[in-house]
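I have placed the structure first, in the form of structure tokens, so that the comments after it can refer back to it.
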Amino acid sequence: MDTFNTIILVFDSTVRLSVPLLLACLAGLYSERSGVFDIGLEGKMLAGAFAGAAAASVYGSAWIGLGAAVLISIALSLVHGFASITHRGNQIVSGVAINFIAAGSTIILGQAWFKQGGRTPALASDGSRFESITLPFADALSDVPIIGQIYSELLSGHSILVYVAFLAVPLTWWILFRTRFGLRLRAVGENPGAVDTAGISVVWLRYRAVIFCGFLCGLAGAYLSVAQNAGFVKDMTAGKGFIALAALIFAKWRPINAMYACLLFGFLDALAIRFSGIKIPGLFEIPPQFMQALPYILTVILLAGFIGKAIPPKAGGQPYVKER
Amino acid sequence: MAEYAIELAGINKSFGPVKANRDINLQIKQGTIHGIIGENGAGKSTLMSILYGFYQADSGEISINGKNTKINSSNDAIALGIGMVHQHFMLVENFTVLENIILGAEDSQLLSGSISKARSELIRLEKEYELNVDPDAIIEELPVGIQQRVEILKALYRGAEILILDEPTGVLTPSEADHLFRILEQLKAQGKTIVLITHKLREIMAVTDEVSVMRQGTIVATRETAQTSVEELAELMVGRRVLLRVEKGEPNPGEIKLSVQNLTVRDSRGIDMVKNVSLDVRAGEIVGIAGVAGNGQSQLIEAIAGIRAAKEGRVLLDGEPIDVTGQADPAMLRKRGLAHVPEDRHHMGLVLAFEESENSILGYHDNEQYLSGPMLNIEAIRDDAREKIEKYDIRPANCRLKTANFSGGNQQKIVLAREMETDPAVLIVGQPTRGVDVGAIEFIHKRIIEMRDAGKAVLLVSVELDEIRSLADRIIVMFDGNVVGECGPEATEGELGLLMAGVTNDKMAAAE
Chain A
0 MDTFNTIILV FDSTVRLSVP LLLACLAGLY SERSGVFDIG LEGKMLAGAF AGAAAASVYG
60 SAWIGLGAAV LISIALSLVH GFASITHRGN QIVSGVAINF IAAGSTIILG QAWFKQGGRT
120 PALASDGSRF ESITLPFADA LSDVPIIGQI YSELLSGHSI LVYVAFLAVP LTWWILFRTR
180 FGLRLRAVGE NPGAVDTAGI SVVWLRYRAV IFCGFLCGLA GAYLSVAQNA GFVKDMTAGK
240 GFIALAALIF AKWRPINAMY ACLLFGFLDA LAIRFSGIKI PGLFEIPPQF MQALPYILTV
300 ILLAGFIGKA IPPKAGGQPY VKER
Chain B
-18 MAEYAIELAG INKSFGPVKA NRDINLQIKQ GTIHGIIGEN GAGKSTLMSI LYGFYQADSG
42 EISINGKNTK INSSNDAIAL GIGMVHQHFM LVENFTVLEN IILGAEDSQL LSGSISKARS
102 ELIRLEKEYE LNVDPDAIIE ELPVGIQQRV EILKALYRGA EILILDEPTG VLTPSEADHL
162 FRILEQLKAQ GKTIVLITHK LREIMAVTDE VSVMRQGTIV ATRETAQTSV EELAELMVGR
222 RVLLRVEKGE PNPGEIKLSV QNLTVRDSRG IDMVKNVSLD VRAGEIVGIA GVAGNGQSQL
282 IEAIAGIRAA KEGRVLLDGE PIDVTGQADP AMLRKRGLAH VPEDRHHMGL VLAFEESENS
342 ILGYHDNEQY LSGPMLNIEA IRDDAREKIE KYDIRPANCR LKTANFSGGN QQKIVLAREM
402 ETDPAVLIVG QPTRGVDVGA IEFIHKRIIE MRDAGKAVLL VSVELDEIRS LADRIIVMFD
462 GNVVGECGPE ATEGELGLLM AGVTNDKMAA AE
């Protein structure tokens, strides 16, 4: 029973840890499917996390925090769009710039406004944080072996953003493959010329894609600072935006695969936390640094060829210029 | 119904200082096939892009079916019943046929309704015209001829009454082209108006009712096709008399200069693109390799030129073996007297951002004459470039000009001058006149024959059958990586066309 509990706990934290990855990964999926590479997921998430925590602490409402996170993240997306869609700039440079802006400005503004060394004030449990939701009958069922435990521990007891993130997966699949917008979005990332000659605006389509991207990055940021943690700490995204990008490639730009990829990375993170510093009897102690490095090592190994050929959207990274 | 489907009056369009279209007046009758012919850069594509709403004219009037209209976007053009089949297909390659057809013409926010409607409409269109396509096939898995049909279906699905085709036969085999022409005739019989843009005179003569000739941005003449001739059209296009027939004497083949034995070349995907190919080229003869693009010709000449390592086989240059499966590289082969004019001058033949003089020695920059000590001798290089410009009539005659600013024909002459002037024993020429205008074609063909007459061994690869037939002394046909036949220059287009489609003599005999 003890082992089973441990497994449940590891899976439970897997879910929590994979949520920001999943939201960011889906964000990147919208953008990159439209042909706009976005290396600035990290920066948008970070800015969103800061704005979310700051607004939540000032106004005492998690929802206002969420709104602020989404708004600031969409604003940064539009900057990326303006540079790379309207002005046909280099998408990588623009994305890197957004990462730098977010990393620097969150610390400066945090220090200027709250004077806590770049942190935001800790959010109390008075509505200024997203609390975990207990699903119906969770308490009643918690004594039922296995199924009850899975239900009450693993499925119940997460914040609303966790459920939103996992619902976003089938929703994204449906948008991408069952709607007109999705068809055009996929087309514009492959051959913008085909979209243009069909009488559809390439620019407006790509702007909508980056707005979707900003929205989801905002959710990811808010989850980090207003739900998973109680406040903003500098650099709290810690490379999650880049892991999300890796997961996106790993998932070959497909939403369901993206969920599996993010769960895998979340799982490794959970293992790292659970088993860091554990002793293997008679042998040696696994150094915590190794466990922490594991997700990154795995990323390298997976991307180096274990996943087969991942073909990105063909027009990705290229600004669209009408041919002369 | 109005007499004219399209009327253009006084259309002008400039790109910066370049006047792409000047004072164009054009009337195209309902229900006819109207050809527009002209050299590259004559402004044909610009004019059609204006008609399709891709660009807006600086001035001028457009009337469609007798009604004066403004076409501000492709949407307007589609609404007016204008459909366009672009030279480079505007298809999403990893989509199905159906998805491509409904893109931009979906009925509602959800796809399922549009897809099923498109499916039944497609079946109707397929019955009406000879346009068989599997609606669920993925585009990238279809041959180009079928992809082109999808483009036509796309236009018809949107209710096009006027169909513009931009250089539609560039990627087709002769039999596919004939099929296309049959489709066009059928569309015409249904009352559609068709505008055919091309630089191939033969096609114009084959299918059009009327033809307009463009030169330097203006329409210089419109003729009824039945009342004109290939010679007259060529003269109108170029502005002077052109020799369409290549004049050459009998070949005088000498000893074998280049011998390819059982060569197999595998591409990066692990597919054998050249399968056990053997051929000989003698001094003083031109051997032409015919075939539809993508049947291994490119890989074959790349392997011989040392650009791509072969998997198996031997190549003898002047009787001496060269290690094409490993050590061979272009620099070494160049030193041993093998010159190579690559098929794609932009990717392999030239650095477009360089000055003309730099490109005119590229690859030969280690030669003594261009060096002074460890440095390049810039003066010697420029003098050399000026000589080549003079001899090959490269225009503008300025060796300091950026190569990108030369026209296609002149860029090709830069490459030819570089490779031919080194006096090679063997010359490999890939697609010598692709994207080159008629005037320059004449010159290039003459130079290639002069090389032959000077006793060089010439291996020519071209997808233009006419070119192969008029230049080559022997023709080798490749299909799916194999040599499927060899014939003399007297072979008819029909015979070659069958071989290019992979129908060999044995198979024909078996069929009978």
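As you go down the protein sequences, you meet chains A and B in turn. Residue 69 in my numbering sits at position 70 of the first sequence; the count goes up by one each step and never skips. Residue 74 in my numbering sits at position 93 of the second sequence; the count goes up by one each step and never skips. The C-beta atom is built at its ideal place from N, Cα and C for all residues, glycine as well.
Roughly how far, in whole angstroms, is the beta-carbon of residue i from the beta-carbon of residue j, given that I think they are within contact range, below 8 Å?
i: A/LEU267; j: A/LEU247; result: In fact, because the Cβ distance is near 17 Å, the residues do not count as touching under 8 Å.
i: B/ASN21; j: B/GLY416; result: 6 Å
i: B/VAL296; j: B/ILE285; result: 6 Å
i: B/GLY34; j: B/LEU(-11); result: Rounded, the Cβ-Cβ distance is 14 Å, inconsistent with contact.
i: A/ILE7; j: A/ILE149; result: 7 Å
i: B/LEU137; j: B/GLY230; result: Going by Cβ atoms, the distance from B/LEU137 to B/GLY230 rounds to 51 Å, so no, they are not a contact pair.
i: B/VAL465; j: B/ILE409; result: That pair is no contact at about 21 Å.
i: A/LEU244; j: A/ILE71; result: 20 Å between Cβ atoms; not a contact.
i: A/LEU22; j: A/ALA269; result: With a Cβ gap of about 17 Å, A/LEU22 and A/ALA269 do not count as contacting.
i: B/ALA38; j: B/ASN(-7); result: 6 Å
Whole angstroms are fine: how far does the CA of residue j sit from the CA of residue i?
i: B/GLN350; j: B/ALA361; result: 7 Å
i: B/ASP374; j: B/VAL194; result: 25 Å
i: B/GLY47; j: A/LEU182; result: 36 Å
i: A/VAL14; j: A/ALA271; result: 14 Å
i: A/ARG323; j: B/TYR36; result: The predicted position of A/ARG323 is uncertain, since its pLDDT is 44 and thus under 50; a value taken from the coordinates is nonetheless stated next. Cα-Cα distance, rounded: 9 Å.
i: B/ASP115; j: B/PHE460; result: 24 Å
i: B/GLU493; j: B/LEU168; result: Confidence is the limiting factor: at B/GLU493 the pLDDT is only 49, short of 50, which leaves the residue's position unreliable, though a coordinate-based value still follows. Distance between the alpha carbons of B/GLU493 and B/LEU168 is about 34 Å.
i: B/ILE422; j: B/THR154; result: 21 Å
i: A/ALA303; j: B/SER54; result: 45 Å
i: B/ALA378; j: B/HIS15; result: 37 Å
i: B/GLY462; j: B/GLU448; result: 21 Å
i: B/GLU339; j: B/HIS328; result: 16 Å
i: B/ALA332; j: A/TYR206; result: Residue 332 of chain B is actually Val in this sequence, not Ala. The straight-line gap from Cα to Cα measures roughly 35 Å.
i: B/GLY277; j: A/GLU189; result: 27 Å
i: B/ILE342; j: A/LEU16; result: 60 Å
i: B/VAL255; j: B/LYS51; result: 52 Å
i: A/ILE285; j: A/LEU263; result: 21 Å
i: A/THR352; j: B/THR414; result: Because chain A in this structure spans residues 0 to 323, residue 352 of chain A falls outside the shown range and cannot be described.
i: B/ARG455; j: B/LYS108; result: 43 Å
i: A/TYR162; j: B/THR384; result: 59 Å
i: B/ALA359; j: B/ASP365; result: The identity of residue 359 of chain B in the sequence shown is Ile, whereas the question assumes Ala. Each residue's Cα considered, the two are about 10 Å apart.
i: A/ALA46; j: A/ALA260; result: 24 Å
i: B/GLY483; j: B/ASN348; result: 44 Å
i: A/PHE10; j: A/LEU154; result: 10 Å
i: A/ALA54; j: A/ALA137; result: 32 Å
Quick check: residue i and residue j, are their CB atoms within less than 7 Å of each other?
i: B/ILE143; j: B/ALA(-17); result: no
i: B/ILE59; j: B/ARG139; result: yes
i: A/ALA257; j: A/GLY34; result: no
i: B/ALA291; j: B/VAL305; result: yes
i: B/VAL258; j: B/LEU244; result: yes
i: B/VAL66; j: B/LEU146; result: yes
i: B/GLU121; j: B/GLU74; result: yes
i: A/SER93; j: A/ALA111; result: no
i: A/ALA229; j: A/ARG118; result: no
i: B/GLY19; j: B/MET218; result: yes
i: B/GLY24; j: B/GLY198; result: yes
i: B/LEU479; j: B/VAL458; result: no
i: A/GLY109; j: A/ALA221; result: no
i: A/SER131; j: A/SER158; result: yes
i: B/ILE127; j: B/THR77; result: no
Provide the residue(s) that pair with residue i in DSSP beta bridges, ordered along the chain.
i: B/MET65; result: B/ILE145
i: B/HIS321; result: B/ILE409
i: B/LEU165; result: None, per the DSSP bridge assignment.
i: B/ASP261; result: B/SER240
i: B/ASN49; result: B/SER44
i: A/PRO287; result: DSSP, once it has assigned bridges, lists no residue as partnering A/PRO287.
- Message: Does the structure place the region 255 to 273 of chain B close enough to the region 422 to 442 of chain B that three or more beta carbon pairs sit under 8 Å?
- Response: yes
- At a cut of 8 Å, does the region 245 to 259 of chain A reach the region 12 to 31 of chain A through at least three beta carbon pairs? yes
- Message: Quick test of the definition: if touching needs 3 or more C-beta pairs under 8 Å, does the region 100 to 108 of chain A touch the region 36 to 51 of chain A?
- Response: yes
- Query: Can you find at least 3 beta carbon pairs, one from the region 176 to 196 of chain A and one from the region 84 to 91 of chain B, that sit closer than 8 Å?
  - Reply: yes
- Task: Check whether the region 376 to 391 of chain B touches the region 306 to 320 of chain B, counting contact only when three or more Cβ pairs, one atom from each stretch, lie closer than 8 Å.
- Result: no
- Where the region 45 to 76 of chain B meets chain E: residues whose CB sits under 9 Å from a CB there: Within the model displayed, chain E is absent; protein chains A and B are what it includes.
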